[in-house]
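Taking our numbering, the leading residue of the sequence shown gets 1, the next gets one more, and so forth.
Ideal placement from N, C-alpha and C gives every residue a C-beta, glycine not left out.
Here the structure is a predicted model, which means the values were calculated and not measured.
In what follows, a single structure is set out as structure tokens and then discussed.
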Amino acid sequence: MTDDTTPAQQAPKPSAALSDLGRRLVGAWNVSGGTRGTVTYEWMDGGFFLVQRVELEQYGQLIKGTEIIGHEHPFGHEPSEDIRSRFYDSQGNTLDYVYELDADTLTIWGGEKGSPAYYRGTFSDDGSSQTGAWVYPGGGGYESTMTRATS
Numbered sequence: 001m002t003d004d005t006t007p008a009q010q011a012p013k014p015s016a017a018l019s020d021l022g023r024r025l026v027g028a029w030n031v032s033g034g035t036r037g038t039v040t041y042e043w044m045d046g047g048f049f050l051v052q053r054v055e056l057e058q059y060g061q062l063i064k065g066t067e068i069i070g071h072e073h074p075f076g077h078e079p080s081e082d083i084r085s086r087f088y089d090s091q092g093n094t095l096d097y098v099y100e101l102d103a104d105t106l107t108i109w110g111g112e113k114g115s116p117a118y119y120r121g122t123f124s125d126d127g128s129s130q131t132g133a134w135v136y137p138g139g140g141g142y143e144s145t146m147t148r149a150t151s
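Encoded structure:
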């Protein structure tokens, strides 16, 4: 119970950076280029995490998976500064990423920020597409375009 002298505890709110990322990504996307298929993003209840669902074909292999994107917030600690994620696929792999959105440019770092494995893409002016490329160490990678199917 509280009385008039006890300040009310303010409910936590999702970060502005995560909210901005969600505004850009939420919806269904068709993917083409070095991989083909569909990707959907939606908010988890509460707005603290984005959920990405993936069904792609890459190098002749079907990839199905789910990624949870948000700030890490271990018990008893403050939320992480970076927007981090873990991707789980149907083949038992887990992959970690760091997301950065700077104006119209999205960078997804493989593992940690500054990694030699990353995706960098640019949203169109109207937000209906994003074009970029995955870069892998040693010169590998592929180009990718996402086109919005639904909001």
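Given glutamine 130 as reference, the closest of Val51, Glu42, Thr122 once Cα atoms are compared: Thr122
For aspartate 126, does the three-state DSSP call read helix, strand or coil? Coil.
Taking glycine 46 as part of the beta strand (DSSP E), name the residues at either end of that continuous run. First-last for glycine 46: undefined, no H or E at that position.
As assigned by DSSP and simplified to three states, the class of alanine 28: strand
In the DSSP assignment, what residue or residues form a beta bridge with phenylalanine 91? Looking at the sequence shown, residue 91 is not phenylalanine but glutamine. Per DSSP, none; premise fails for glutamine 91.
Just the Cα atoms here: how many angstroms apart are glycine 60 and methionine 146? Computed Cα separation, rounded: 19 Å.
Quick one: give me the first and last residue of the beta strand (DSSP E) that lysine 64 is part of. Where lysine 64 is concerned, the enclosing beta strand (DSSP E) stretches over 61-70.
Which term fits arginine 238, buried or exposed, when burial requires 16 or more other beta carbons within 10 angstroms of its beta carbon? As displayed, the chain neither begins before 1 nor continues past 151, which places residue 238 out of reach and without an answer.
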